[in-house]
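Position 25 of the sequence shown, counting from 1, maps to 120 under this note's numbering, and the rest follow consecutively. So the structure is just underneath, and the comments pick up after that.
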Amino acid sequence: MKKLILTIIAVGALYERPARSQTASTALEKVEIQAIHVQGNVHMLVGAGGNITVQAGIEGLLLVDTQYEQLAPKIVAAIRRLSDKPLFWIINTALDADHVSGNDALPKLANAGIRQNVRIIAHENVLNRMAAAPRGAEPIVPDKLWPNDEYYLPQKDFSFNGEAVVVYHMPAAHTDGDSIVFFRSSNVLSVGDIFTPGRYPVIDLQNGGTVQGLITALNRILQITVPLKYQEGGTYVIPGHGRICDEADVVEYRDMVTIIRDRVQDLIKKGMTLEQVKAARPTRDYDPEYGGPNDAFLEAVYRSLSIKK
Ligand SMILES: [Zn+2]
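If you want it as structure tokens, here you go:
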């Protein structure tokens, strides 16, 4: 029970931040949405929060993640420059507020004036955590943002716009409800916060993330990606945040997380406390590339490895 309450506080904090903070909503007013063609049917929208993936074709539109509610008018304007078709599908890569907060506003705006239901796909752990409510209280995430097409098997697949779309569950990585989405003929993989080039990963222990699961997920991504030539190009990878990448970028990131995991494991074996591990700076040589020392990441690795199995 104590664990459940901790989880609720952790997720609740994520959702309250943008609404409560005056500066956050003023900052969102200034955000411009940039659309970048990735490959084939797939585009990436960059604004604030997680990257949005757009698959557009003769049938309609599919989105991976939805950023913030306040950005919905600008996001729909950017989508309308790519296609005038209805929105059919949304897939959420995890439960984070900056990836799902447009789940209600985007379908309403995109399909204004037409009758078209939007299916919102996510792993069932996303729904379970969003719907968790302390006894007698409201669920921490309002039900209008919940997925309505959750899956529980290791993968879910369907065809849309003449293309195979494969959603894979990545257990216990960034959270326990992570999905990655492969657009097979476009040869583009959208992976959410499992992979964030230029910044250390968020391993959200309260929501079921683990460092080992994150490394396993990065290795799964590497099984799906196929480079074109000299380890470059081929399958493109849309990260949760940051630029469009390919397999070589994911290899570098996987190696970084694996090496830091091994270093922290060694320090734990030597009997070091968390404070001693932080003081030993096991990420020192990577810090310039990943945004400087990050105590939250180190702490998550330490605690993840310290959990008794
Ligand atoms: Zn994110």
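Heads up, the beta-carbon is just placed ideally off N, CA and C, and yes, glycines get one too. Small disclaimer: the values here were computed from a predicted structure and weren't measured.
Close CB contacts of S178 within its chain, under the 7 Å cut and outside five residues either way in sequence, are with A151 and L156 (chain order). Each of G145, D191, D193, H194, D288, G335 and H336 has a C-beta closer than 6 Å to some heavy atom of ligand 1; these make up the full list, in chain order. V159 has its alpha-carbon roughly 19 Å from the corresponding atom of L313.
Excluding the 5 residues flanking it on each side, M367 has same chain C-beta neighbours closer than 8 Å at A375, in chain order. In terms of Cα proximity to A189, the closest of G386, V345, P334 and Y381 is P334. Taking C-beta separations shorter than 7 Å and ignoring five residues to either side along the sequence, the partners of H132 in its chain run H138, following chain order. Straight-line measurement puts the Cα of M225 at about 11 Å from the Cα of E233. With fewer than 16 other beta carbons inside 10 angstroms of its own, N212 counts as exposed. Straight-line measurement puts the Cα of K365 at about 17 Å from the Cα of E394. Going by C-alpha positions, I174 is about 47 Å away from E370. Residue pairing from DSSP places H264 in a beta bridge opposite S274. Residue environment analysis places K251 among the buried positions, since at least 16 neighbouring C-beta atoms fall within 10 angstroms of its C-beta. Rounded to the nearest whole angstrom, the CA to CA distance from D341 to I215 is 27 Å. Annotated as distal: D288 and H264, with beta-carbon spacing of 8 Å or more. For R214, the secondary structure class from DSSP, reduced to helix, strand or coil, is strand. About 14 Å separates the Cβ atoms of T161 and V126, ruling out a contact at the 8 Å cut-off. The beta-bridge partner set that DSSP reports for M139 consists of I131 and T148. Listed in chain order, the non-local C-beta contacts of G329 below 8 Å within the same chain comprise N282, T320, V321, P322, L323, D341 and E342, local neighbours out to five positions each way being set aside.
For G144, the closest C-alpha among the options I355, L317, P388 and L166 is that of L166.
Linking L284 to I275 through their CA atoms gives a straight-line distance of about 7 Å.
Linking V141 to P296 through their CA atoms gives a straight-line distance of about 19 Å.
When DSSP states are grouped into helix, strand and coil, L248 belongs to the coil group. Between G197 and Y163 the beta-carbon gap is near 6 Å, inside 8 Å, which marks them as a contact. Looking only at A192, R315, Q129 and A227, the smallest Cα-Cα distance to V262 is reached by R315. In the DSSP annotation of this structure, the continuous segment of the alpha helix (DSSP H) that includes Y397 starts and ends at D390 to S401. DSSP, read as helix, strand or coil, puts K239 in helix.
Of the residues A217, M351 and F277, the one whose Cα lies closest to the Cα of P383 is M351.
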